[in-house]
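Asker: Shown below is the structure under consideration.
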Amino acid sequence: MAKIYLIRHAQSMANEEGIYQGITYDTDLSLAGNKQAQLLGERFANIPIAQIISSPLRRTMQTAQFVAKRKKLPILEEKSIIETNHGAWEGKHKDIIQKTWPWIYKKWQRFPSATKFPDGERFLETQNRVTAWWKIFSQNALEDTLIVSHDNIIRVIVAKILNMKLNKIWKFHLQPTAVTEVLITEGIVELIKLGDSKHLGALEVDLSMHAL
15 MAKIYLIRHA QSMANEEGIY QGITYDTDLS LAGNKQAQLL GERFANIPIA
65 QIISSPLRRT MQTAQFVAKR KKLPILEEKS IIETNHGAWE GKHKDIIQKT
115 WPWIYKKWQR FPSATKFPDG ERFLETQNRV TAWWKIFSQN ALEDTLIVSH
165 DNIIRVIVAK ILNMKLNKIW KFHLQPTAVT EVLITEGIVE LIKLGDSKHL
215 GALEVDLSMH AL
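Structure (structure tokens):
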């Protein structure tokens with residue numbers, strides 16, 4: 015039996031400013047984000063963790079450090095759970111994106127499975143690489159593991175676990191550092207908690223102001 019904790023990274027400076035990130039535009043955690051990550055570390059202070067895996071981007075690695083330091087564990091970087099390549103959207107404010115690519119933005123909100131980001135990934139490509147990694151990981155998971163990744167990536171994994179259509183991924187919310195708990199027992203994968211952010215208290219954010 016293994017408990018897996020899927021963590022969305024803490025609020026980054028780009029999140030705070032409503033700017034789209036991805037893989038080429040990567041910012042440090044904001045002041046609030048550092049506080050959120052500290053609270054995450056405190057939440058896991060007495061929870062057994064055998065390993066920590068993170069997307070290699072700064073915002074995820076910085077979040078993971080707050081748990082890693084408490085647990086005295088190394089952080090294993092995993093490129094398969096890196097954020098979607100948002101292409102030409104990266105580094106741009108979401109208001110500019112809505113005005114410049116209104117048809118693609120609407121498609122992204124309604125039909126993510128059909129979305130191709132300008133000069134970036136098709137979201138189906140994101141789904142394929144993440145689910146391929148998750149299949150191997152979940153089949154071999156033997157240790158309690160904390161995984162720090164991104165909004166899109168966690169949604170894809172949750173959709174896989176729940177056998178949810180990709181176009182339904184916006185049906186739930188993920189606060190920065192939200193905890194999604196998964197239990198794996200003899201190959202059976204169960205979703206125990208989805209987007210639990212009770213540790214944040216007043217540090218929860220208005221997600222309508224965020225870009226990915």
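Its first residue numbered 15, the sequence shown is counted upward by one per residue in the numbering used here. Virtual Cβ for every residue (Gly too), placed ideally from N, Cα, C.
1) Pull up the CB-CB distance for Gln65 and Thr199, whole angstroms please, since I reckon it's below 8 Å.
2) For Ile183 and Arg169, I'd like the C-alpha separation in whole angstroms.
3) Is Ala227 buried or exposed, if buried means 16 or more other CB atoms sit within 10 Å of its CB?
4) In whole angstroms, what separates the C-alpha of Ile171 from that of Ile96?
5) I'd like to know if the segment 38-53 and the segment 109-116 are in contact, where contact means that at least 3 CB-CB pairs between them fall below 8 Å.
6) Does Arg57 pass the burial test, meaning 16 or more other C-beta atoms within 10 Å, or should it be called exposed?
7) Decide yes or no for the touch test of the segment 68-87 against the segment 147-157: beta carbon pairs closer than 8 Å, at least 3 of them.
8) Do Ile175 and Val203 have their C-beta atoms within less than 8 Å of each other?
9) Round the Cβ separation of Gly55 and Ser26 to the nearest angstrom and send it over; I've been treating them as touching at under 8 Å.
10) Looking at Arg22: is its Cβ nearer than 8 Å to the Cβ of Leu188?
11) Using CA atoms only, rank isn't needed, just tell me which of Glu30, Gln50, Lys17 and Gln35 is closest to Lys212.
12) In whole angstroms, what is the alpha-carbon distance linking Lys85 and Ile18?
13) State the Cα-Cα distance for the pair Leu87 and Ser68, rounded to the nearest angstrom.
14) Counting along the chain, where does the alpha helix (DSSP H) carrying Gln65 start and finish?
15) Is the distance from the Cβ of Phe137 to the Cβ of Ser127 below 8 Å?
16) Pick from Ala16, Gln52 and Leu71: whose alpha carbon is nearest that of Gln35?
Answerer: If we stick to the structure as given:
1) Taking the sequence shown and counting its residues from 1, one reaches residue 65 at position 51. Taking the sequence shown and counting its residues from 1, one reaches residue 199 at position 185. Actually they do not touch by this definition, with Cβ atoms about 18 Å apart.
2) By 1-based counting over the sequence shown, the position of residue 183 is 169. By 1-based counting over the sequence shown, the position of residue 169 is 155. The straight-line gap from Cα to Cα measures roughly 6 Å.
3) Any answer about residue 227 is impossible in this case: the structure gives the chain only from 15 up to 226.
4) Your numbering for residue 171 matches position 157 in the sequence shown. Your numbering for residue 96 matches position 82 in the sequence shown. Rounded to whole angstroms, Ile171 to Ile96 spans 13 Å at the Cα level.
5) no
6) Counting from one through the sequence shown, the residue named residue 57 turns up at place 43. Buried: at least 16 other Cβ atoms inside 10 Å.
7) no
8) Your numbering for residue 175 matches position 161 in the sequence shown. Your numbering for residue 203 matches position 189 in the sequence shown. Cβ atoms of Ile175 and Val203: closer than 8 Å.
9) Position 41 of the sequence shown, counted from the start, is the residue given in the question as residue 55. Position 12 of the sequence shown, counted from the start, is the residue given in the question as residue 26. The pair is not a contact, with the Cβ atoms about 17 Å apart (cut-off 8 Å).
10) Within the sequence shown, numbered from 1, the residue matching residue 22 stands at position 8. Within the sequence shown, numbered from 1, the residue matching residue 188 stands at position 174. The answer is yes: Cβ separation under 8 Å.
11) On the sequence shown, residue 212 is found 198 positions in, with the first residue counted as 1. Here the closest residue by C-alpha is Gln50.
12) The residue you call residue 85 lines up with position 71 of the sequence shown. The residue you call residue 18 lines up with position 4 of the sequence shown. Lys85 and Ile18: Cα-Cα distance of roughly 16 Å.
13) Along the sequence shown, read from residue 1 onward, the residue named residue 87 stands at position 73. Along the sequence shown, read from residue 1 onward, the residue named residue 68 stands at position 54. When rounded, the distance between both Cα atoms is 12 Å.
14) Within the sequence shown, numbered from 1, the residue matching residue 65 stands at position 51. Segment Gln65 to Ser68 is the beta strand (DSSP E) holding Gln65; no alpha helix (DSSP H) there.
15) Mapped onto the sequence shown, residue 137 falls at position 123. Mapped onto the sequence shown, residue 127 falls at position 113. For Phe137 and Ser127, yes; Cβs fall inside 8 Å.
16) The count along the sequence shown starts at 1 and reaches residue 35 at position 21. Nearest option by C-alpha distance: Leu71.
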